[in-house]
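Single-structure report; data block below.
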Amino acid sequence: MSTTLSLFWDLAAVDAKTRQAAVKKLIISLVSFQQAFRDEKGSEYEALLKEPITEERLDVLCAQDVSYSIKRLIRGLPSSRQGARQGFALALTELLSFLDFIPVKVIIDLIFKHSEITGSMKGQEERDMLFGRIFGFMAIIQSGMLSRDSTELADTQRLVESLVEYSNAKSYLREPCYQLIIAMLPHVQRLSFKDELLNYILSEALKGGVKTPEEIDLALSMQSQFSLDWPALLPHWKHGEILHSSNLHKLALILKETSTEEPQLFSSWHPHLHSVWKRILGLYLDASLEAPVTPGVKKSKKSKAAVAPVTKRAPFPEFWKTVVDDGLFNANSSHERKYWGFLVFEEALPRLPSSQMPLIFTSNFMRCFINNLTSEDRFLNKSAKHTMNVILEVAENNKDVALTLVMQLQGKNGNQQFDKFTKTKTVETILGSMDNEGVTSYITYLKSVFNNDADSSAAEDDRVKAIEAQRFWAVDQLFALVRNTRIPREESWLLSILQFFLVHSFFEVNKVNAKSAIQEARVKPTPAVSEATRELCQKRFFSMLAELSRIPPLSKVSELSKENNASRISKKLHGTMNDGDFWAFKVVELLLKLEKDSNLESLYELSPESLEARKKALDTVKKIKDQLRKLEAKGDKQADSQYKAFELLFLFPILQLLVEPKEATGVLEELQDCYQRVFAPKKPKSKKKKTDEDEVEPEPIEVLVDILLSFLAKPSVMLRNLTEQVFETFCDRMTKTALDLLLDILETKEDVSGQQELFEDDEMEMDEDEDEDDENDDEDEEEEEEESEDDSDIEDAVDDNEEVDEELRAKLAAAFGQKEGESDDEDELLGDEEMADFDAKLAEIFKHKKMMKAEKRDAKQSVMHFKNKILDLLEIFIKKQAQSELILDLVIPLLRFVRNSTANTANKQAGEKATALLKNKLVKVKETPNVSDLANACGILEEIHQFARKAPNSTMMQLFSHCSLFVVRAIIAVEDQKSTEKVVEIYKASLNDYMTKKSSNLQPAFFLDLLNRYPALGWELFESLIELTKPSVSAKGYREAQAYNMLSTLIRSHIKDGEELFIKSLPNVKSTILSTLEFAVSEENKGSKTLNTARLKDILKFTNLVQQTSSKKLKNDQFKKTWGPVAFEKVIKSLIADKRFESPAIRTFSQQILVRLGRNVEFLKNSKN
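Start counting the sequence shown at 1; every next residue gets the next number (the UniProt record's numbering).
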């Protein structure tokens, strides 16, 4: 027995795996013991089995360990320790299954013996005993003992009677007790007393009728397994079928546990789903529902034939609508019942095929589901989220049902804007789980929504609005598919959406052709597509092109994503298809194909000039493609990228002809000229001198930048992406003039005049492309609100400073009926008609005034948006051309822009962006910019210092310092003596400004940054710092102390870089310190130059540092000679005697100075006493 005792402990482990492992070890050991015991007895054992088996004879028939284990396991069932009941019951079940000679009666007797209930027991003790018996009965049933020949009717009746008794005694035991009775049913089929036992179960367990979920569970189980006279057995249920249509209302009340007939039958609410729901769903959803498989019970033909076919059951949709949707999800149902409803839904959804899933997305469920998802404050928010996760899991595991789920969430009972309304990404995530076939099917569905009429029975006005809303939604969903990065993108369905947008933007189906190669020509939208819908299709078309221009070839993404190397894809490949052609090229080909299709009629008409420009552009694109094939063979990658950039430049204006033909025509003509000049063969330089009258032609890059700026001025993401992509390719050709074209925009005024200067009176409207994310992203909406608040601040500021509007005054005078120059001294009373007329004119005047305000606000916005785009281009230039000398030319314009933006709170966002560009990008480039014009670089450094002297705050000062050090790095890289001298000269001038002028805004950190970054340059300032620390020179005592701090930094941290200069300057240092200390004890020490105790302590601390450092560099006699001990002793005595400087720190520093100089310090002790 010692071998098995240790195994019992782990049977009570909380972890299920540990319990199962312990059970396995125990049973293996006991089986081997019993087998050995049986072999030892031999033929005698068979004779023992023929005698009646009782508890006392277990020791005779079983090995000692086995007999002990049976009793030990039964004794452990009532234990409430951790997982004891589960572990001991499992072990007992396995053991009883093996010991097939033990009758049921013996085990029942042992269970009752070891779980005896007495009147003196407390509630917890009684509860433990009841649970012990139930777990014991479960072991008997699950082990298959009931099917043995030794089982008698009395044994089974005893089980049923006990279980019914316990279910009536304790409400929380009702469900498990009835579950055990149901578990007995499969064994009944093989018993000789089957009919008697069935009658007993019906008379005991269902004696009061079927009134509770447990009784329904039992009745349904018996109906599915036994052919009985159910109409007679269930008199209170019509047709003897619980799931009959006429019984559903009654069933709903019982399953809600809210029946008013006998409320005492229902226990208090519990969070788990009752097992009867699984049985009912199984009856409906499992095609081949059979009796549960139980150990020890073999299926037989007899048992299979005994299952009664059910033909009167209500259809599943009717059951779900009545019992679940109108029952659990009814608007008047409690939160607890709705919680059960979510559990029922989660149980049913994974078992339903795709075709039947719509049956459970009923109106009440969807209303409850959506409402509880919208806010975390909702009572069932967590339950709704759990259901949402189940839906997502089902979609992930079964690609075939994803489309069905999306259509239900956005369908009749759902909400087309489900994700936006619930503030989740449910639909987006499900779409992301679709395969290519599912996405294609969804696109087909959306197109059918777009083409088909809405509710034709509605009134005409409502019908038109419904159709418009339906089409808007379909278009937005198609575009959302394109932007959803979780969806595996395929060129086939992307082209399908592109073609759909293109057709419904610029074409009309004039003849339906079911065999047409153009899918959109096979059906004509009814009614005709409105102008508003076409405008939306246009916006989505160009937005989609912008989106596609940002993605690399899909085959490359798929290939490298498998290796987790998607980031390795070159940006030069962005916007291309798998065959290497640009998406824009494919669209242009498609456009030309649509123009030739007889089933379609184009809604645009191009002028002869536009058609000619398009023809030339297409010819040029063809030449570029021919040239690219040649370059590819040569392997010239740089020229290859520039040709590709020009191909893009031609393709997009061709498409812009559809919406802005006049402007796009001009752009195409300019591009032709620019293309010829960029790729023209280089001509030898002419020896003829140019005169002033000769017109200087702009460089090709300058023309190209001007064209790109015209694109950037358009409120289109597509053109913005194009501009950035082309600029990145050609930024290595940038000239000072081309760069100035960008920088000059940052200087433009942010008002109507600035708008007219930039956009040449072009109408600037906020395109939906610019804020297309607003429809799907709440954060962008919040940003818009903040921007609108800023704009209102701008508007108010303009109004406050506005001069009297003479035009407004003239209009008001006209409204009063006054002529120009006419006096308004005499008052005239107006009649009713005149007064009404006056009010109308006045309203019109103020409406015009309001429009003018809006115009100013829009002008401000458009200019700021443009400047933000320019900053993006400058960032690209910094990233790609870090070594270009032109990088230095960015510093001053950007600093000026930051300074001006900081002064205007309305420009805060742009200022922060420019600051980040300077601070995080420009000054942190790893390469050092080339400097060929030293004078220009030094001029930039000097201008930075001029800015720093007027810095408004420490943040700006830090930015000026970083920029200054960046320019210094570029200048000293020239390795010219003049460059170093010029840098030192500029810093000396700024240092002199800081020390001598009270109005200077410079800060010590500005100089400390240089000392720490470039110590060698810092030592060049050492002597100047010494001179500026003299009281006669420094403007403030505080700045004098800060100068000593700078000197300390050099000596303490960087002495190796300036040791020679340090020793050479020691006499001057000593002289300056002495003069400072003498000034401190003099009568002149007052006013702004006051040296107080704190500042004097810093000076003495510096003195100690210099002495300590020089003592290590000089011999003792040389050290004392340099420092002049007598002079220091005299001034320190005066200092100690001065009551203004009574401080322990000053005494300590003074003592250290004198001790190092070998002087007597007794007077310090005496003065202290």
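Idealized CB from N, CA, C, for every residue including glycine. Quick caveat: nothing in here was measured; it's all calculated off a predicted structure.
Threonine 576 by DSSP, collapsed to three states: which one? strand
If contacts are defined as beta-carbon pairs under 8 Å, then isoleucine 254 and proline 213 qualify, I think. What distance do you get, rounded to the angstrom? 6 Å
According to the neighbour-count rule (16 or more other Cβ atoms, all chains shown, within 10 Å of its Cβ), is lysine 321 buried or exposed? buried
If you measure between the beta carbons of leucine 251 and isoleucine 216, is that distance less than 9 Å? yes
Give me whichever residues DSSP pairs with phenylalanine 582 in a beta bridge. Thr576
With a cut-off of 8 Å on the beta carbons, I'd call leucine 1096 and phenylalanine 1141 a contact; round off their distance for me. 6 Å
Measuring straight from C-alpha to C-alpha, what distance separates alanine 797 and proline 488? At alanine 797 the pLDDT is 41, less than 50, meaning the model places this residue with poor confidence and gives no usable figure here.
By the DSSP assignment, the beta strand (DSSP E) with glutamate 601 in it spans what residues? 600–602
Spatial neighbours of asparagine 1068 within its chain, please: C-beta separation below 6 Å, excluding the five flanking residues on both sides. Ile1026
Using only the alpha-carbon positions, how far apart do tyrosine 45 and leucine 96 sit? 18 Å
Suppose the cutoff is 6 Å on Cβ atoms and the five residues either side in sequence are ignored; what does the same chain contact list for aspartate 128 look like? Pro78, Ser80
Ignoring anything shorter than 4 residues, give me the alpha helix (DSSP H) runs that lie fully in the stretch 30–65, in order along the chain. 43–50, 58–61
Option nearest valine 475 by Cα separation, candidates Glu535, Thr429, Asn510: Glu535
Tell me, please, which residues DSSP counts as bridged to phenylalanine 507. Ser602
Rounded C-alpha distance that separates alanine 21 from leucine 92: 14 Å
Flag this pair as touching only if the stretch 509–517 and the stretch 579–587 have three or more C-beta atom pairs under 8 Å; answer yes or no. no
Residues near arginine 158 by beta carbon distance below 7 Å, same chain, minus five either side: Ile108
Assess contact between the stretch 45–54 and the stretch 114–129, defined as three or more Cβ pairs (one per stretch) separated by less than 8 Å. Is contact present? no
So what does DSSP say about arginine 19, is it helix, strand or coil? helix
Going residue by residue through the stretch 168–210, where are the continuous alpha helix (DSSP H) segments of at least 4 residues, counting only ones entirely within it? 174–188, 194–205
For phenylalanine 193, tell me which candidate among Ser221, Tyr172, Glu204, Ser147 has the shortest Cα-Cα distance. Ser147
Can the beta-carbon of threonine 735 be found less than 9 Å from the beta-carbon of glutamate 702? yes
Between asparagine 42 and alanine 36, what straight-line distance do the alpha-carbon atoms span, to the nearest angstrom? Checking the sequence, you will find glycine at residue 42 rather than asparagine. One C-alpha to the other measures close to 10 Å.
In angstroms with no decimal places, state the Cα-to-Cα distance between threonine 723 and serine 505. 24 Å
Rounded straight-line distance, which links the Cα of arginine 471 to that of lysine 867: 36 Å
Alpha helix (DSSP H) segment containing serine 964, residue limits: 954–972
Mind the definition here: the stretch 851–865 touches the stretch 704–711 only if three or more C-beta pairs lie below 8 Å; say whether that holds. no
Can you give me the start and stop residues for the alpha helix (DSSP H) that proline 1015 sits inside? 1015–1020
Where does the unbroken alpha helix (DSSP H) through arginine 378 begin, and where does it stop? Segment: none, arginine 378 is in no alpha helix (DSSP H) and carries neither H nor E.
Could you give the residue range of the alpha helix (DSSP H) that holds serine 1111? 1093–1113
Expressed to the nearest angstrom, what Euclidean distance is found between the alpha-carbon atoms of phenylalanine 730 and isoleucine 497? 32 Å
Taking 8 Å as the cut-off, is the C-beta of arginine 550 nearer than that to any heavy atom in the ligand SAH? In terms of ligand content, the structure shown is empty, and the ligand SAH therefore cannot be addressed.
Leaving out five residues on either side along the sequence, give the residues of the same chain with a beta carbon under 7 Å from the beta carbon of leucine 1157. Lys1120, Trp1123, Pro1125, Phe1128
Is it a yes or a no for the stretch 426–435 touching the stretch 391–409, going by three-plus beta-carbon pairs under 8 Å? yes
Can you tell me where the alpha helix (DSSP H) with tryptophan 669 in it begins and where it stops? Per the sequence presented here, residue 669 reads as glutamate, with tryptophan not at that position. 661–678 is the span of the alpha helix (DSSP H), which, as asked, contains glutamate 669.
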